[in-house]
Amino acid sequence: MLNPESEWFGFRHVKPQDKTGLVRGVFDSVAEHYDLMNDLMSGGLHRVWKDRLVAMMSPQAGQTLLDVAGGTGDIALRCYRRTEGKADITVCDINPHMLKRGRARMIDEGILPQGQGTSRPIHFITGNAEELPIPSRSVDLYSIAFGLRNVSRIDNALREAARVLRPGGRFFCMEFSPGVSPLLKPVYERYCMSVLPWLGEHVAHDAEAYQYLAESILKFPPQAALAERMKKAGLDNVRWTNLTGGVAVIHSGWKL
Ligand SMILES: C[S@@+](CC[C@H](N)C(=O)[O-])C[C@H]1O[C@@H](n2cnc3c(N)ncnc32)[C@H](O)[C@@H]1O
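Under the numbering used here, residues 118 to 373 are what the sequence shown spells out, in order.
Below, the structure is given as structure tokens:
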């Protein structure tokens, strides 16, 4: 069955047509505290994982990069710095509040408004990973970090990634995974189900949103299952790298 997760909002059974709106509501609510919460929830580890992702992507000047579910722009900013502003970078996210914070951040960093000389700005566009407003075969590097588990129809999003990539282009997905090492599993699950909602309540003032985020991690397909779905969507040479005992995972694939 394609897209089984479309009927689940965390552990709650929902109608597929309602899920995207529910997820959007979560990120409307968390946008303001999103960056601070990321640091608190991961003890800063998300920065190390994101550095690793961008090192693996190895973006080059002149390439076209698309960061889907790019939120407040963490991946785009790293790619911008790595290419010294000489790649064409687009952040696409379904949530305008998250993008607004990302854009404000780029202005603070002095990146926007810019785009003069050889330096290119970062573009922000609102769009759904399942129906990207991007031409086919136009992207060299596609990334989606901590985004895919929030997408209602993962198989559709993977097919869209394969569609927009040029032959020779690469796909990268970084996600939390339920497939952590057996030693870490009990602590990890308790952390997800107790500490995350507690932080959500006390810092972002929305325990439910963080309860959903924790549940969505535990519902996400484990490493091998996601790899199979990537292959079915048209990606090749699929592999994955576990980070921190499998708490986070980077999947990669090629469009051939
Ligand atoms: C956990 S945040 C990750 C943000 C950023 N990539 C990062 O690593 O910090 C998840 C993002 O996915 C976005 N999102 C959820 N469903 C989406 C969809 N169907 N299409 C595009 N973006 C989506 C949310 O709006 C949110 O900004």
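We put the CB at the ideal spot given by N, CA and C, even for glycine. As the structure is a prediction and not an experimental result, all values here were calculated from the model.
In this structure, proline 176 lies near threonine 200, with their beta-carbon atoms less than 8 angstroms apart. Separation of the CB atoms of aspartate 225 and threonine 189 is rounded to 11 angstroms, and the pair is thereby denied contact status at 8 angstroms. Listed as beta-bridge partners of histidine 130 by DSSP are Trp125.
Here the distance from the Cβ of serine 269 to the nearest heavy atom of ligand 1 is below 7 angstroms. Remark: fewer than three beta-carbon pairs, one from each stretch, lie closer than 8 angstroms, so the stretch 129 to 136 and the stretch 306 to 319 are not flagged as touching.
By the Cβ-count criterion, methionine 118 is exposed, with fewer than 16 other Cβ atoms from all chains shown falling within 10 Å of its own Cβ. Excluding the 5 residues flanking it on each side, valine 364 has same chain C-beta neighbours closer than 6 angstroms at Val297, in chain order. Collapsing the DSSP output to three states places threonine 361 in a helix. For the pair of segments examined, the stretch 168 to 187 was found to touch the stretch 251 to 260: the number of CB pairs separated by less than 8 angstroms reaches three. According to the DSSP assignment, alanine 342 belongs to the alpha helix (DSSP H) that extends over 340 to 349. Checking the 7 angstroms criterion, the Cβ of phenylalanine 337 is out of range of every heavy atom belonging to ligand 1. For proline 299, no alpha helix (DSSP H) run applies, since DSSP gives it neither H nor E.
According to the DSSP assignment, leucine 216 belongs to the alpha helix (DSSP H) that extends over 213 to 225.
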